[in-house]
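See structure below.
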Amino acid sequence: MLLRHSTWRLPGIVTLALTLTIAYPACAGIYTDSCGMVWTDTCVPFERNNEIAYNEELAASFAPIAANLTEPPPDFSNISWSDAFRETCTYMEERYAFTEWRGVDWNSLYSTYAPKIAEAEKNGDKAAYYRTLREFVYAIPDGHVLVRSTEDFGAKYADIGGGYGLTIARLDTGEVIVTYVANGSDADEAGILFGDEVVSWDGRPIVDAINATPIVWTPIKPSTAEGTLLHQQRYLTRAPVGTVATIGFVSQKDSLLHMVNLTAVDDGYDTLTRTSVFLGREANDGRAGSSAELETIITDETVTSRTLPGGVVYIAVYEEVYDAYQPFTTAVKDAIEDGTPGIVIDLRFNRGGDDNLASAFAGWFVDRPIFYEYGTFYDPGTGETTVLWESWTKPRPNRYEGPVAILVSPYTISSGEGLPKVFAESGTGAIVSWYGTNGAFGIESIGPTLPLGIVTAFPQGASLDEDGKIQVDSNASLVGGVAPTVRVPLDRDTLARAMAGEDVQLAYAVDWLKAEAMTESAEHSPVPTQKAAAGLVIPLAALAFLAVQYGRR
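This note's numbering applies: residue 630 is where the sequence shown begins, and numbers increase by one.
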């Protein structure tokens, strides 16, 4: 459907498509034989404020393939672990939307992980089984290819339950520095300080050690090279409790190389808490096993808003669900009425949802219609992918015309990437961040259920641009997502501020808004005549006249 990312609400919508009598409502979407459902203005379904009618339209969009979507995802929970894994690989290979785009070699993946599954089954090792399944899906660079379980069978703690009492980050210069040292830790006792340069880790050059770090326990799986690199830096400093690592660092105090041995201790995932995309506040994604759990750590609300000093309006959106449109538009309308000098939209922890809603949000800021997507889905009857809908972002008549800045992160995934996509394509506002979005924009579906109640999910559909090309989803080179147009520098100053509790990315966004407001004010100021030197009065007036004439052409 139009739901993206694994909130696990998708199955209900797919069931809706299979069980509702297919109708062709004309109140918001228009059904066509050539392209399925066409939403010429994605705001309309939400402004109509009739979720039942909208769900009927979503169901109708699947009309071309609905007759072939009668079988639920297979349940392999009662067969052997090895057989279930083999059947799941076969099922995913048939339906996965990005095999060629991402260069996925299914035979190689099966050959790599099937022996580990068999060994885990032989030993009855549930932790090894679940760990291997996570390794398997993490080998596919797509944040929508997932396994979910109500428990991890102790595997996560066994792998990363220990921390070395420090965190690291790679600067724009290429240096890797210490960004946090826990009081009383081995790192603290060794005299390691913020800003010290780390040059080696367990005998490897630090860059090589980072690149070799597995990240299978991230709650939101990265899809791009920069997202992967961020989490490799975070998880390098995690290990099984009791593991000893030898760290080489250059101290700022004496500029000398020091070698120290640090032991990983149970710290309650402290170093992960301190470094979650550097928000300037703690977000314990070490304990979170999914994006849903992570969201509740941040807030239980879907949309929040407040006014910042100086009058800038801050709106955070954590998920695209039908009920989010009203509070979002209320915040925007209030900003318009109050004459706010700028709006910040925070999507850094947006886990996706309804794609049309992301497009509708954008309608409050763009100045012209923008093509949003062709939505495709796999047809099991034909074995082909079919275009099911077309959607457009259309400006609202009373849209906000001031400057807008969007905050994103590698945790901005799925339809959460839709609003930044429209901004990037239309040149609207600015996208402010240290990092780009996740790069997983496909149409996710529930896959087979495996033994021990483990559920799979993966995209069976893709989002295409106006030329019919895959958009936003990362490619085989791990390039994708939506990149910042204003990239916050990663240096000692910005990281020190972030680790001290400042939301540096928000500060950069507000600074950008202020600069835009000043520029706009200068552009709309009257032509200076009285304060200009006498000899400049006529030339300035003449230039103003010429500008008007050229503007009328």
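Every residue gets a Cβ at the ideal spot worked out from N, C-alpha and C, and that includes glycine.
Counting along the chain, the unbroken alpha helix (DSSP H) around Ser-1055 starts and ends at 1047 to 1055. In the three-state reduction of the DSSP assignment, Val-889 falls in the strand class. DSSP lists Ser-829 as the bridge partner or partners of Pro-834.
Residue pairing from DSSP places Pro-1088 in a beta bridge opposite Glu-1073. For Thr-853, no alpha helix (DSSP H) encloses it, and the DSSP letter there is neither H nor E. One Cα belongs to Glu-676, the other to Thr-717, and the distance between them is close to 41 Å. Taken through DSSP and simplified to helix, strand or coil, Ser-988 comes out as helix. The three-state secondary structure of Thr-900, taken from DSSP, is helix. In its chain, beyond the 5 residues on either side, Ala-987, Phe-990, Ala-991 have a beta carbon closer than 6 Å to the beta carbon of Leu-1048.
In terms of Cβ geometry, Asp-983 and Glu-949 form a close pair [threshold 8 Å]. For Ala-841, DSSP assigns no beta-bridge partner whatsoever. When the beta-carbon positions are compared, Val-870 and Gly-791 come within less than 8 Å of each other. Assignment of Val-1133 by DSSP, reduced to helix, strand and coil, places it in the helix class. Take Ser-814, set aside five residues on each side of it, and the residues of its chain with a beta-carbon closer than 6 Å to its own are Gly-794, in chain order. Beta-bridge partners assigned by DSSP to Tyr-1007: Thr-1014. Closest in C-alpha terms to Tyr-947, from the list Thr-933, Gly-939, His-860, Tyr-1029, comes Thr-933.
By the Cβ-count criterion, Ile-806 is buried, with 16 or more other Cβ atoms from all chains shown falling within 10 Å of its own Cβ. When DSSP states are grouped into helix, strand and coil, Arg-1025 belongs to the coil group.
Put simply, the backbone Cα of Arg-760 is about 22 Å away from that of Glu-1073. Secondary structure note for Ala-689: its alpha helix (DSSP H) is the uninterrupted segment 680 to 690. In this structure, DSSP gives Phe-765 a helical state, which the three-state scheme calls helix. Straight through space, the alpha carbons of Lys-751 and Arg-977 are spaced by roughly 42 Å. In the three-state DSSP reduction, Glu-966 falls in the helix class (H, G or I).
Beta bridge pairing from DSSP links Trp-668 with Ser-1020. Contact between the stretch 1000 to 1020 and the stretch 966 to 980 is absent, with fewer than three C-beta pairs closer than 8 Å.
Its chain contains Val-961, Ala-964, Ile-965, Ile-972, Trp-993, Phe-994 as the residues whose beta carbon lies nearer than 7 Å to that of Tyr-1029, once the 5 sequence neighbours on both sides are disregarded; these appear in chain order. Taking each of Ser-711, Pro-1009, Arg-980 in turn and checking the Cα distance to Gly-1090, the smallest one comes out for Pro-1009. Taking 8 Å as the cut-off, the Cβ atoms of Thr-1078 and Asp-704 count as close. Comparing alpha-carbon positions, the option among His-860, Leu-885, Leu-859, Thr-892 lying closest to Thr-875 turns out to be Thr-892. Assigned with DSSP and collapsed to three states, Gly-791 falls in strand. Residue pairing by DSSP places Leu-1079 opposite Ile-1083 in a beta bridge. Contact check for Tyr-1064 and Glu-855: beta-carbon distance about 5 Å, within the 8 Å limit, so the pair qualifies. With a cutoff of 8 Å on beta-carbon distance, Ile-789 and Tyr-864 are scored as near each other. Looking at the DSSP output, Asp-704 shares a beta bridge with Thr-1078. Annotation: Thr-1057 to Val-1033 spans about 8 Å, alpha carbon to alpha carbon. Of Ile-821, Leu-937, His-773, Arg-799, the smallest CA-CA separation from Arg-1121 is found for Arg-799.
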